[in-house]
Amino acid sequence: LLTGYQVSAAAFTWHAGTGESPAHDPLTRTYASGDGPRVNPFFRALYRDTASALSGLFAREHTAQVDPPERERREEDFSEARLKLLYCSPTMELGVDISSLNAVMMRNVPPTPANYAQRSGRAGRSGQPALVTTYCATGNSHDQYYFRNSRLMVAGSVAPPRLDLANEDLVASHLQAICLAEAGLKLGRSIPEVIDIGYAEGSDRPEPALELHDHIAAALHNAHAQTRAVEAAHQVLGELLPAFAETTWWDDSWIEQRVRSAGTEFDKAFDRWRDLFRAALDDQCIQNKRVLDHQLSERDRSFAVARRKEAETQLNLLKNEVPGSRSVLSDFNPYRYLASEGWLPGYSFPRLPIAAYIPTAGRGFGEGDYLQRPRFVAISEFGPGALVYHEGSRYLVARVQLPPSSSGSIVTSEARRCEHCGYHHKADDGADRCEMCGEPLTTTHGLLQLHTVFTQRRERISSDEEERRRAGFRLVTSYQFSKKSLRSGRRDAVLADPTGPFATLSYGDSATIRVTNLGRVRAKADEPDGFWLDAGDGRWMTERDAAEAYGDSSEMPLVDADGNEKRLKARVIPYVEDRRNILVVTLDTPLDEPVARSLMYALERGIEAAFELEDSELTSELLPPDDGPRKRFLFTEAAEGGAGVLRRLQSEPGAVARAARTALGICHFGAHGEDLATADTERPCARGCYDCLLTFSNQPSHATIDRHSIRDLLLRLTTAEARTAGRGESRSEQMQRLVGEAEEPVSGRERDFLGFLKERGLRLPEAARPLIAEARARPDYVFRLPGVKVAVFIDSSAQDRPAAAGGSAHDRPAGVDSSPHDRPAAVDGSAQEQSAAAERDDDAEERLYAAGWEVVRFRHGDDWDETVARHARYFGPGDAR
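This is how it looks when you write it as structure tokens:
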């Protein structure tokens with residue numbers, strides 16, 4: 001054990017050496033001879049000739065995470081040459097004008113010529129010569145492609161922005177902006193102007209209701225404002241209605257339904273803010289009690305003071321009351337917050353971000369800020385124990401915001417991911433078999449949705465620990481197409497060439513993507529999935545901490561030898577989810593994994609180059625099974641709202657062939673498959689290179705990637721065409737069909753039942769009063785779901801049934817029992833007649849069970865909500881809209 005001391009660097013006096021002998025470090029290297037280490041000529045020349053010119057040089061960040069006043073101050077210092085170097089994110093594209101700037105250096109190639117023109121245009125704006133340097137990174141396929149084709153970037157034409165105008169989330173956010181305008185609401189500069197944060201005094205702990213102010217709620221639900229919004233929406237969106245009609249989410253009543261639900265969705269959009277505010281308010285209250293508890297040690301009370309100050313800073317940030325932050329650029333300005341939640345159009349700002357609270361950001365002690373990242377980035381960057389670098393400091397993700405629970409235990413969920421295709425199923429769907437491929441499902445427990453995380457400053461960390469934390473996490477992706485009644489939110493196309501079909505393209509707009517963090521890459525082989533979490537305060541626990549804690553909240557609290565209560569632990573698996581445009585490619589013939597992986601990367605590169613997408617705008621991954629041959633690829637548009645490229649691949653007959661031809665060229669093959677790389681003596685390519693399929697991100701697969709293995713597949717794809725299938729029914733169309741297809745008039749009770757299902761967003765039946773020949777029965781409605789068939793009976797009173805409308809007994813097929821819906825019903829039916837009818841229905845129920853059907857009966861007088869809740873696996877969880 002070595003004992004050392006930390007000495008302030010200001011206490012040292014540094015003297016220049018002679019440059020003839022370097023410092024000897026016996027901890028890193030030893031030498032057999034007495035010569036010692038050699039002098040590095042580069043650093044000797046740097047210190048001798050260049051160091052004096054670099055004296056006093058410093059740089060600052062220029063990103064959206066920097067406070068607006070500080071960012072403006074840095075722009076002014078830079079324009080006055082007090083700040084020599086400014087490291088910028090794409091914020092420089094937003095029009096920062098520094099007229100005397102004469103040099104711009106880009107660390108990578110921008111996504112498109114339009115971005116290049118904006119960024120490079122920061123220099124030479126006053127007419128003087130300017131130098132623009134663009135670094136093309138080795139390992140970045142986008143950069144290398146434009147390094148070889150620099151003319152396409154530097155002198156390329158500026159194409160119109162790619163935006164999927166038929167994306168449901170994008171259209172909904174603009175429609176809701178119209179609703180807000182027609183309601184005549186001004187939300188102000190802080191969320192407390194929208195949400196009432198007051199609470200009754202005298203309680204042990206503050207518990208504000210955090211409801212909308214009355215005038216806000218009234219304006220959003222005003223019927224006249226909703227009528228105006230519908231009219232305005234039809235005017236604004238009128239030209240796009242034909243495009244909407246080709247999607248899976250549109251129906252003729254969509255605008256009216258979304259306008260009616262806009263107020264409810266507006267209220268729900270503030271749920272994340274409410275959770276943050278309640279957590280900070282509770283923490284402030286708890287820590288204040290600890291500060292006043294003089295039985296605690298001075299150290300504990302000092303810690304409580306710091307924690308209370310931190311909670312108060314969080315509250316000020318949430319109320320947008322930190323000095324200098326009361327601007328439209330604050331993350332908690334109502335308009336920007338609603339954009340980040342997807343309720344208003346967000347454009348360049350990330351939607352539904354995960355926030356990390358940074359306790360200090362280069363300012364005074366106890367101050368802090370929220371750092372936000374897109375969800376699919378945050379699941380790894382803000383993962384348990386991850387290191388966050390911000391404004392020159394290093395922070396450790398120490399704890400996570402826990403969902404509220406009255407039981408004292410952590411609220412987790414469960415889900416089912418198909419091990420054969422990766423399809424995601426919610427637990428309350430009740431499915432036993434996969435909706436995508438029909439295989440049996442297994443359940444994952446202990447899932448914890450990642451929300452806000454909290455960090456603590458980390459001054460010292462060993463290089464081994466830092467490297468281990470940087471190794472990252474094991475992330476698993478699952479997907480689920482949105483469900484629009486019989487129109488599943490999924491559109492299929494068969495991919496065929498002159499020899500016949502060989503693949504299926506399944507496109508879904510606004511599909512649910514879930515990314516789950518199973519653990520660290522360098523975890524032990526026998527370590528279970530997930531992480532240990534302190535159930536009391538949400539802190540991530542080490543294995544040592546977890547060994548000293550106890551199991552779950554149902555156990556009696558345990559104490560150690562000193563009488564201290566042990567901490568309660570739980571094993572959880574963090575996850576995030578969002579909605580994205582996706583394309584699942586399913587091959588008819590599985591491929592060996594190396595071949596499938598090579599083809600996937602080639603298609604991704606071809607799509608990006610053919611449709612001018614940046615690397616970060618499109619992602620791809622192989623779908624399960626994880627062992628053996630593969631036949632499914634998942635492509636995801638990472639851009640907010642989508643670029644519309646994946647939709648084109650499914651809907652345009654020649655789009656896949658276009659991408660394949662581009663991929664063939666990227667893989668160094670000619671149009672007819674001839675190998676062009678062997679003729680290039682300067683840059684030969686054997687199996688793969690950074691000019692074709694190898695990238696920095698796919699380094700683990702470099703040993704298996706082989707461009708020759710996919711040559712014939714790409715050639716086949718260049719001649720393929722996509723043949724699309726129909727889009728299915730909307731809910732309104734399905735309702736009309738169900739009412740119209742019944743052989744007898746639908747009773748009022750049955751019509752009410754259909755309205756009940758539609759209003760609550762529940763699954764609608766597939767058919768009304770079909771004949772189930774094998775059971776000799778005719779239920780009111782049927783559902784045919786993956787792995788299960790369900791018959792539904794709606795028991796009616798005599799007054800509910802249509803009189804003499806169903807024909808006589810001889811009109812029925814032979815052998816089909818009579819039921820209340822298979823025969824004329826007398827209006828004044830007696831109790832005995834109703835009982836007999838029920839018995840016949842019970843007989844039909846037994847035959848349906850025998851034939852392999854499930855039966856759900858809604859009896860007269862039953863609570864339909866309770867019945868549906870008991871059978872949620874058939875009717876679905878419902879939709880709040």
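Under the UniProt record's numbering, the first residue of the sequence shown is numbered 1, with each subsequent residue one higher. Heads up, the beta-carbon is just placed ideally off N, CA and C, and yes, glycines get one too.
What first and last residue would you give for the beta strand (DSSP E) that runs through residue i?
i: LEU131; result: 131-134
i: GLY670; result: No beta strand (DSSP E) contains GLY670, which DSSP labels as neither H nor E.
i: ILE710; result: ILE710 -> no beta strand (DSSP E), and no H or E assigned at all.
i: LEU241; result: Premise fails: LEU241 lies in the alpha helix (DSSP H), 241-245, not in any beta strand (DSSP E).
i: SER620; result: 618-622
i: TRP532; result: 531-534
i: HIS425; result: 424-426
Measuring only the C-alpha atoms, how far is residue i from residue j?
i: ASP675; j: VAL104; result: 39 Å
i: SER380; j: GLU750; result: 50 Å
i: GLU20; j: CYS689; result: 42 Å
i: TYR335; j: LEU344; result: 8 Å
i: ALA9; j: GLU80; result: 31 Å
i: PRO403; j: ASN316; result: 21 Å
i: ASP282; j: PRO206; result: 7 Å
i: ARG490; j: TYR507; result: 6 Å
i: ARG375; j: ASP578; result: 7 Å
i: GLY385; j: THR247; result: 42 Å
i: TYR87; j: ARG122; result: 13 Å
i: GLU839; j: LEU583; result: Per-residue confidence for GLU839 stands at a pLDDT of 45, beneath the threshold of 50, marking its modelled position as unreliable; the derived number appears in the next sentence. If you take the alpha carbons of GLU839 and LEU583, they lie about 50 Å apart.
i: PRO684; j: ARG82; result: 48 Å
i: GLN832; j: ASP842; result: Only weak support is given to the placement of GLN832: the predicted model assigns it a pLDDT of 49, under 50, and the value that follows is read from those uncertain coordinates. C-alpha separation (whole angstroms): 15 Å.
i: HIS425; j: LEU505; result: 21 Å
i: residue 905; j: ASP526; result: The chain is shown only over 1 to 881; residue 905 falls outside these bounds and no answer can be derived.
i: VAL856; j: ARG474; result: 42 Å
i: THR264; j: ALA311; result: 30 Å
i: LEU175; j: TRP250; result: 14 Å
i: PHE382; j: TRP540; result: 12 Å
i: ASN333; j: GLY392; result: 26 Å
i: LEU587; j: ALA503; result: 4 Å
i: ASP204; j: ALA549; result: 29 Å
At what residues does the alpha helix (DSSP H) containing residue i begin and finish?
i: VAL377; result: 375-381
i: TYR479; result: Looking at the DSSP string, TYR479 is not in any alpha helix (DSSP H); the run it does join, the beta strand (DSSP E), is 473-480.
i: PHE793; result: Note, PHE793: premise wrong, no alpha helix (DSSP H); beta strand (DSSP E) at 788-794.
i: ALA610; result: 593-610
i: TYR874; result: 872-875
i: HIS224; result: 223-237
i: HIS215; result: 214-220
Sort out for me which residues DSSP pairs residue i with in a bridge.
i: ASP863; result: Note: ASP863 sits in no beta bridge, so no partner.
i: ARG520; result: PHE473
i: HIS390; result: SER393
i: ALA103; result: LEU131
i: GLU854; result: VAL790
i: ASP578; result: ILE513
i: PRO700; result: Paired residues: none, contrary to the question.
i: GLU61; result: TYR87
i: VAL584; result: SER506 and LEU634
i: GLN456; result: LEU396
i: TRP14; result: TRP14 pairs with nothing; no bridge assigned.
I believe residue i touches residue j by the beta-carbon criterion, under 8 Å. Please report the beta-carbon distance rounded to the nearest angstrom.
i: ARG632; j: CYS421; result: 6 Å
i: ASN455; j: TYR395; result: One point to set straight first is that residue 455 is Thr, not Asn, in the sequence displayed. Their Cβ separation, rounded to whole angstroms, is 4 Å, which keeps THR455 and TYR395 in contact under 8 Å.
i: PHE270; j: ILE195; result: 6 Å
i: LEU764; j: LEU785; result: At roughly 12 Å, the Cβ-Cβ gap does not stay under 8 Å, so LEU764 and LEU785 are not in contact.
i: THR442; j: TYR479; result: Actually they are not in contact, since the Cβ atoms of THR442 and TYR479 sit about 17 Å apart, beyond 8 Å.
i: LEU715; j: ALA663; result: Going by Cβ atoms, the distance from LEU715 to ALA663 rounds to 11 Å, so no, they are not a contact pair.
i: GLN128; j: ASN102; result: 6 Å
i: ARG707; j: LEU693; result: 6 Å
Under 8 Å, Cβ to Cβ, is there at least one residue of chain B near residue i?
i: ALA306; result: Going by chain labels, chain B is absent from the structure shown, which holds only one protein chain.
The stretch 518-527 in contact with the stretch 488-497 per 3-pair CB rule at 8 Å: The stretch 518-527 vs the stretch 488-497: no contact.
Touching or not, the stretch 224-238 and the stretch 177-192, by the rule of three or more beta carbon pairs under 8 Å? Yes, the stretch 224-238 is in contact with the stretch 177-192.
The stretch 607-619 in contact with the stretch 639-649 per 3-pair CB rule at 8 Å: Taking 8 Å as the limit for Cβ pairs, the verdict is that the stretch 639-649 does touch the stretch 607-619.
Cβ pair count under 8 Å reaching 3, the stretch 211-218 against the stretch 126-136: Counting C-beta pairs with one atom in each stretch, the stretch 211-218 and the stretch 126-136 have fewer than three that are closer than 8 Å, which means they do not touch.
Does the stretch 769-789 come within contact of the stretch 845-857, defined as at least 3 CB pairs closer than 8 Å? As far as the Cβ criterion goes, the stretch 769-789 touches the stretch 845-857, which means the pair count is three or higher.
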